[in-house]
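Here the sequence shown is numbered in numbering that gives the first Met the number 0, starting from 0 and rising by one per residue.
Here the structure comes first, spelled out in C-alpha cells, and everything after it is commentary.
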Amino acid sequence: MEEAVPPAPAPPVPPLLPFDDPWQIRTQSCTFEDLVTAGEVVSLNHIRDMSGQRNISLVREGTKFACAPDQVEGFKKYLSNLAILIDQEGERFDLDFEWSSPLSGRAGRFFRLNGLKKEQGMATFLYASLLRQLGHQGVQDMLGLSPGSTALPADSEAAATVLAAAATQLRQAAGVYDYLAEVMLPPLFASLKGDRPAEIMARLSSVMCQLCLAEAQALTAFRAGQRASSSGSLVASLHCGAAELYEKAAKVIRDYIGDFTIASDRLRRYIAIGSSLATARAHKVMASELLAKSEAGQAERSCLDAQQLLGVAMNAADIDGAWRAVLQQELADVERIKKPIESDRLIVYCQPLPREAHPLPAAKVLVSLVPYQLEKISSTTAELAMQS
0 MEEAVPPAPA PPVPPLLPFD DPWQIRTQSC TFEDLVTAGE VVSLNHIRDM SGQRNISLVR
60 EGTKFACAPD QVEGFKKYLS NLAILIDQEG ERFDLDFEWS SPLSGRAGRF FRLNGLKKEQ
120 GMATFLYASL LRQLGHQGVQ DMLGLSPGST ALPADSEAAA TVLAAAATQL RQAAGVYDYL
180 AEVMLPPLFA SLKGDRPAEI MARLSSVMCQ LCLAEAQALT AFRAGQRASS SGSLVASLHC
240 GAAELYEKAA KVIRDYIGDF TIASDRLRRY IAIGSSLATA RAHKVMASEL LAKSEAGQAE
300 RSCLDAQQLL GVAMNAADID GAWRAVLQQE LADVERIKKP IESDRLIVYC QPLPREAHPL
360 PAAKVLVSLV PYQLEKISST TAELAMQS
C-alpha cells in the first residue's frame, strides 16, 4: 500500500496589501528651454539636459506604470539639477507645471502648479513613491506574484535577502517623505492657492512616512515568523509594532483633519486595514504560542479575535478585489490554525472558552527611516542615456 503524499504547504499570505496609488502620479511633459530664457544665469545646455531628464524619468504614458531600479538614478539627476536651477534662478512663479493627484482620489485630473519649488516638491514625492514601489515589487517577485516571476523558497537565504532589500527601500522612502514633510513642503503652504494636489501638502508626506515604516516593520515581522528560532511572543510583538506605526499614520489624519479634506478615502482605508491586519496576525501567532503552553481556551479566543479583526478589514476593503484576496487568505490561515485548537480545547484539555483574549505583548518596533540628503551634482542627459 502506497503511503499518502502529504499535501504541499499553503503559500505564505503576502505580508503587504497592494497599494500603488502614490506611484500613479502623472505629469505633463514640458521643455525648460521654452520656460527659461537662454542667456540667463543658467546655461542653455543645462536647461536642455533638465528637459531630457524630466521627460525620461517623470513623464509616463498609460494608466499602469512599471518601475525598475535603474529609474532611481534618473530621478536623482533630475532632482539634483532642479535644485541647482532653483539656487540660480530662484522660485520663478512665472513657470507652470501640471501634475495629477491620485492620493486625492482624482487621478485623472491635472493641477497647474506655478514655481520651481512646487515642481521640486511633486518630483521628490514621486521619487519617494518610486522607492516605496520598488520595495513592494521586490516582495511580489519573491512570492512569485509578478508576471514572469518564480516564488523563492520561504526559508531560503535568497528570500531573506529580498525581504531585507525591500525593507531598506521602504525605509529610504520614509526618509524622503520625512524630508518633504519637515523641510521641503512647509515653506510652500502660503503660496498654495485654490485647489491643489494632495501630494503637495506636508501633512500627507508625514502620513506616507509612517506608512512606509509600518510596511517595513510588517516585512520584519513576516521574516521573523519564517525563522524557526523566533518565539511566538517576539513575532507577535513585531506585528504589534507594525500596527502601532499604521495607527501613527492614522493619527496624523485625525489630528489634522482639515489638511485631509482632499485626501482619498482609499488611502484612509488602506491604513485602517493595515492596522487591523497586523493586529490579527499578532493574535494568530499568539494562538499557537498559547496552545504550546496548554492554554487551548485562550488560544481559540485569540483566533476568534483575529477573525473578528479580519472581518472588519474585509468590510473596509469594500470592492477592492486585490485587498479582499489577501484578507481571505489570512482568514483561511487563521481557520486552519483554529480547527485543531478547538478540537484540543474540547477533547484534550476540556477548557472553557474565555470571553477575552490573552493580552498581546508590547509592541516592538525595529525599523527606522533612512535620512534623505538632497544632492546637487550637475549631470547631463547624455550621461543618463549612457547608463540606460
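All C-beta atoms in this analysis are idealised placements derived from N, C-alpha and C, irrespective of residue type, glycine included.
As assigned by DSSP and simplified to three states, the class of residue i
i      : result
Leu112 : strand
Arg354 : coil
Thr160 : helix
Thr26  : strand
Ala106 : strand
Lys192 : coil
Pro185 : helix
Asp258 : helix
Phe31  : helix
Arg91  : coil
Pro14  : coil
Phe124 : helix
Lys363 : coil
8 Å contact criterion, which residue i and residue j should meet: CB distance rounded
i      : j      : result
Leu368 : Asp95  : That belief does not hold up - the Cβ atoms of Leu368 and Asp95 are roughly 33 Å apart, past 8 Å.
Ser301 : Ala291 : Wrong, their Cβ atoms sit about 12 Å apart, outside the cutoff.
Leu115 : Glu97  : 14 Å between Cβ atoms; not a contact.
Ala271 : Leu210 : At roughly 12 Å, the Cβ-Cβ gap does not stay under 8 Å, so Ala271 and Leu210 are not in contact.
Ser274 : Glu246 : 5 Å
Arg267 : Ile252 : 7 Å
Start and end residues, alpha helix (DSSP H) containing residue i
i      : result
Trp322 : Gly320 to Ser342
Cys239 : Gly231 to Asp254
Gln87  : Gln70 to Glu88
Ile270 : Asp264 to Ala291
Gln372 : Taken as a continuous stretch (DSSP letters only), Gln372 belongs to no alpha helix (DSSP H), as it is neither H nor E.
Glu214 : Ala201 to Gln225
Gln303 : Note on residue identity: the sequence assigns Leu, not Gln, to residue 303. Its alpha helix (DSSP H) spans residues Ala295 to Ala316.
Ile346 : Where Ile346 is concerned, there is no enclosing alpha helix (DSSP H), given that its DSSP letter is neither H nor E.
Endpoints, beta strand (DSSP E) assigned at residue i
i     : result
Asp95 : Asp95 to Ser100
Interface flag, residue i vs chain D, CB-CB below 8 Å
i      : result
Ser275 : Of the protein chains in the structure, only one exists, and it is not chain D.
Buried versus exposed call for residue i [16 or more other C-beta atoms within 10 Å across all chains shown]
i      : result
Leu365 : exposed
Asn80  : buried
Val58  : exposed
Ser50  : buried
Val347 : exposed
Pro370 : exposed
Phe74  : buried
Leu15  : buried
Near the ligand FAD: residue i beta-carbon under 7 Å from a heavy atom
i      : result
Leu266 : With respect to the ligand FAD, the structure shown offers nothing to examine, as it has no ligands at all.
For the segment 232 to 247 against the segment 267 to 284, do three or more pairs of beta-carbon atoms, one drawn from each stretch, fall closer than 8 Å, so that the two count as touching?
A contact exists between the segment 232 to 247 and the segment 267 to 284.
May I ask you to verify whether the segment 186 to 195 touches the segment 140 to 147, counting CB pairs closer than 8 Å and requiring at least 3?
Contact fails: fewer than three Cβ-Cβ distances are below 8 Å.
For the structure I just gave you, are there three or more beta carbon pairs, one from the segment 218 to 226 and one from the segment 160 to 167, closer than 8 Å?
yes
Below 8 Å, can you find three or more Cβ-Cβ pairs linking the segment 343 to 360 to the segment 202 to 210?
Verdict: no, contact absent.
With a threshold of 8 Å, are at least 3 pairs of Cβ atoms found where one atom belongs to the segment 19 to 29 and the other to the segment 89 to 105?
Short answer: they touch.
For the segment 325 to 336 and the segment 127 to 135, state whether three or more C-beta atom pairs, one from each stretch, are separated by less than 8 Å.
no
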